[in-house]
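Notes follow the structure.
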Amino acid sequence: MINFRPIARVISILFGLIGLMIWTALPFTWFYGENGWPIFLAGLTSMGMGGLCSLVENQKGAPIRKREGYLIVVLSWVAMVTAGMLPYLYSGMIPSVPDALFETVSGMTTTGASVLTDIEIQPRGLLYWRSLTQWIGGMGIIVLTVAIFPLLGIGGIELFAAEAPGPTSDKLHPRISETAKRLWLLYVGLTGILAILLTVFGLSPYEAINHALTTMATGGFSTRNASAAAFAPHIQYLLIAFMFLAGVNYTVLYLSWKRRWADVWRSDELKAYIGLVAFLCVVCTAGVYLSGNGGGLEQSFRDSLFQIVSLITTTGFISADYTSWSTSLTLVFFVLLFLGACAGSTAGGIKLIRHLVFVKNSYLEFKRIVHPSAIVPLRLNGEVVPGKIITHVFNFLLLYLLIFVVGSVLLAMMGLDFETALGAMATSLGNVGPGIGKVGPVDNFAWLSPQIKVFLSVVMVIGRLEIYTVLVLFSPFFWRLN
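Next comes the structure, spelled out in structure tokens:
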């Protein structure tokens, strides 16, 4: 039987944390002379909801098992989104509940799709909160709370398994709380470094902080209407570098910091990530330059590299309208919506490691056909991949494709044209941001109907939590007593 008492305790902690994080926007409202009462009341309301949840009696040290772990993750996202909407609603910045829901879910899932038509006129304190929602969702608020659970008498291994982005099970430390702390220290450190560098490179401290938050979260929210296209080339190159880093498995980043280079270069996924970005950059640069749509060679290279890294890491920053280059390149960028960067990074999408398992196993299947009696194992990073993992990856890919197809059909039935339905579903499920059609890089999602916005909000959460975490709650096996 599911024990709801520790679940209520965790949710109460999350409400309190979100309330405190909302209050971090207050200094910006004071500095820029804005009305800070909506933000103050939103934080107070969130902590009040946490207080109500804490009234549920709980025995200290109550275990969190698999079922409770998955239920906590899903309910935590419901709690985060509920609290995250409050600053928008209280201030009147986004008065519609479906719009506020969409913007908050897009932030928390690091998708980066927006319903705001003019970002630059919005209050700066609220734009900071908008950026912070992506930073919170980047690594996953659950991993942060796992780091402090030992102090609260609650263990968190199941939470980490359910929330940590990607199928990887690598851990930096035998104790899961220590792993979470190391990941977050690395995450915070890289965010701080990028904010400092952006300031040195010419951005105001306010814009530097906002873009550092959304870059390391691979989110893509910007304080400019033109997104990264508003910035000078040297700032775009800096964003490219940190977007690329944000797409690397954080275990690999940690090993790099420890200078364990032999372990770093054992990662087949990292090699595929570097090789794929390099290959696509050459192809796209040539296509843009030869078509004459991208300016000179340097600009063609920069715009191509920026958009490739932005989409493959599911960041979603825009430096150029890739749908205006050519039909073939538009198709290439549409395919990028399904890739995702490395597992264990803050990126969304399918993740490269799953594509590697699929491609390698498909290739080895030819050898198995020729030599049916031979044992031909699949190896990644020099180690044999268990059959259970291969089955899980294939099931995930099939389920991902099925959800994409069914979701696209439903969007078409709701009134979207064919191209826009495909683009909206692909970018929402992959947590990317820009798509194709009428939700392309120079468009936004404000014109969509409330029903479509709510539907896409659910899709974004399903994609962020890697499908199984959400859909398992709808299986009869999850609720059985034994």
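Our numbering numbers the first residue of the sequence shown as 2 and each following residue consecutively.
We treat Cβ as the ideally placed atom computed from N, Cα and C, and that holds for glycine.
Original post:
To which residues of the same chain is LEU298 closer than 6 Å at the C-beta, ignoring the five residues directly before and after it?
Top reply: TYR290
**OP:** With a 10 Å radius around its C-beta and 16 neighbouring C-beta atoms as the bar for buried, classify ILE275 as buried or exposed.
**Re:** exposed
**OP:** Count the other C-beta atoms from every protein chain shown that fall within 10 angstroms of the C-beta of THR219, then say buried if there are 16 or more, exposed otherwise.
**Re:** buried
**OP:** Specify the secondary structure class of ARG183 as computed by DSSP and reduced to three states.
**Re:** helix
Subject >> Where the alpha helix (DSSP H) containing SER374 begins and where it ends >> reply: SER374 -> no alpha helix (DSSP H), and no H or E assigned at all.
**OP:** Please name the residue in PRO39, VAL385, LYS439 whose C-alpha comes closest to that of SER92.
**Re:** Minimum Cα distance to SER92 is reached at PRO39.
Subject >> Check whether MET86 and GLN123 have beta carbons under 8 Å apart >> reply: In terms of Cβ geometry, MET86 and GLN123 do not form a close pair [threshold 8 Å].
**OP:** Give the DSSP bridge partners of LEU381, in chain order.
**Re:** GLU384
Original post:
By DSSP, does GLN123 sit in helix, in strand, or in coil?
Top reply: coil
**OP:** Helix, strand or coil for SER458, going by three-state DSSP, please let me know.
**Re:** helix
Original post:
Based on Cα-Cα distance, which residue from ALA114, VAL471, PHE103, TYR71 lies nearest to ASN226?
Top reply: Per the Cα distances, ALA114.
**OP:** Kindly provide the ranges of any alpha helix (DSSP H) runs that are 4 or more residues long and lie completely inside the segment 186-259, ordered along the chain.
**Re:** For the segment 186-259, the full-length alpha helix (DSSP H) segments reaching 4 residues or more read 206-217, 234-247, 251-258 along the chain.
**OP:** At 4 residues or longer, and completely inside the segment 250-314: list those alpha helix (DSSP H) runs for me, N to C.
**Re:** 251-258, 262-265, 269-292, 298-313
**OP:** Could you round the C-beta distance between LEU21 and GLY44 to whole angstroms and report it? I think they count as a contact, below 8 Å.
**Re:** In this structure LEU21 is in contact with GLY44, their Cβ atoms being roughly 7 Å apart against a cut-off of 8 Å.
Original post:
In or out: SER363 buried (at least 16 other Cβ within 10 Å) or exposed?
Top reply: exposed
Original post:
Start and end of the alpha helix (DSSP H) containing THR118?
Top reply: Where THR118 is concerned, there is no enclosing alpha helix (DSSP H), given that its DSSP letter is neither H nor E.
Original post:
So is ILE12 buried or exposed if we call it buried at 16+ other beta carbons inside 10 Å?
Top reply: buried
Original post:
DSSP state of PHE41, grouped into three classes?
Top reply: It is helical.
**OP:** Assuming LEU1 contacts LEU365 (C-beta within less than 8 Å), just tell me the rounded distance between them.
**Re:** Absent from the model: residue 1. The displayed extent of the chain is 2 to 483, so no value can be given.
**OP:** Could you say which of ALA80, SER77, LEU472 lies nearest to LEU1 if we only look at CA atoms?
**Re:** There is simply no residue 1 to check, as the chain begins at 2 and stops at 483 in what is shown.
Subject >> The alpha helix (DSSP H) enclosing VAL82, as first and last residue numbers >> reply: 67-92
Original post:
Does the Cβ of TRP258 have 16 or more other Cβ atoms within 10 Å, making it buried, or fewer, making it exposed?
Top reply: exposed
Subject >> THR83 versus LEU102 - alpha carbon distance >> reply: Spanning the two alpha carbons is a distance of roughly 8 Å.
Subject >> At least three beta-carbon pairs within less than 8 Å, the segment 427-447 to the segment 323-335 >> reply: When C-beta atoms of the segment 427-447 are compared with those of the segment 323-335, three or more pairs fall below 8 Å, so the two segments count as touching.
Original post:
Around the Cβ of THR118, are there at least 16 other Cβ atoms within 10 angstroms (buried) or fewer (exposed)?
Top reply: Residue burial annotation: THR118 is exposed, with fewer than 16 other C-beta atoms found within 10 angstroms of its C-beta.
**OP:** Quick one: using the 10 Å Cβ neighbour count with 16 as the cut-off for buried, is GLY1 buried or exposed?
**Re:** Because the chain is modelled from 2 through 483, residue 1 falls outside the range shown and cannot be assessed.
**OP:** Please list, in chain order, all residues of the same chain as LEU312 whose beta carbon is under 7 Å from its beta carbon, the five residues on each side excluded.
**Re:** Contacts found: PHE334, LEU337, LEU338, VAL433.
Original post:
Which of the three DSSP states, helix, strand or coil, is assigned to LEU338?
Top reply: coil
Original post:
With a CB to CB cut of under 6 Å and the five nearest residues on each side skipped, what residues in its chain are close to THR316?
Top reply: THR219, GLY221, MET244
**OP:** Return yes when the Cβ of SER346 is within less than 8 Å of the Cβ of ALA247, no when it is not.
**Re:** yes
Original post:
In terms of residue numbering, what span does the alpha helix (DSSP H) encompassing TYR469 cover?
Top reply: 469-472
**OP:** Please name the residue in THR200, PRO206, VAL278 whose C-alpha comes closest to that of ARG125.
**Re:** PRO206
Original post:
Buried or exposed: where does LYS352 fall if 16 or more other Cβ atoms within 10 Å of its Cβ makes it buried?
Top reply: buried
Subject >> Between the CA atoms of HIS212 and THR224 - distance to the nearest angstrom >> reply: 8 Å
Original post:
Just the Cα atoms here: how many angstroms apart are ARG267 and TRP78?
Top reply: 35 Å
Original post:
When burial is assigned at 16 or more other CB atoms within 10 Å of the CB, is ALA344 buried or exposed?
Top reply: buried
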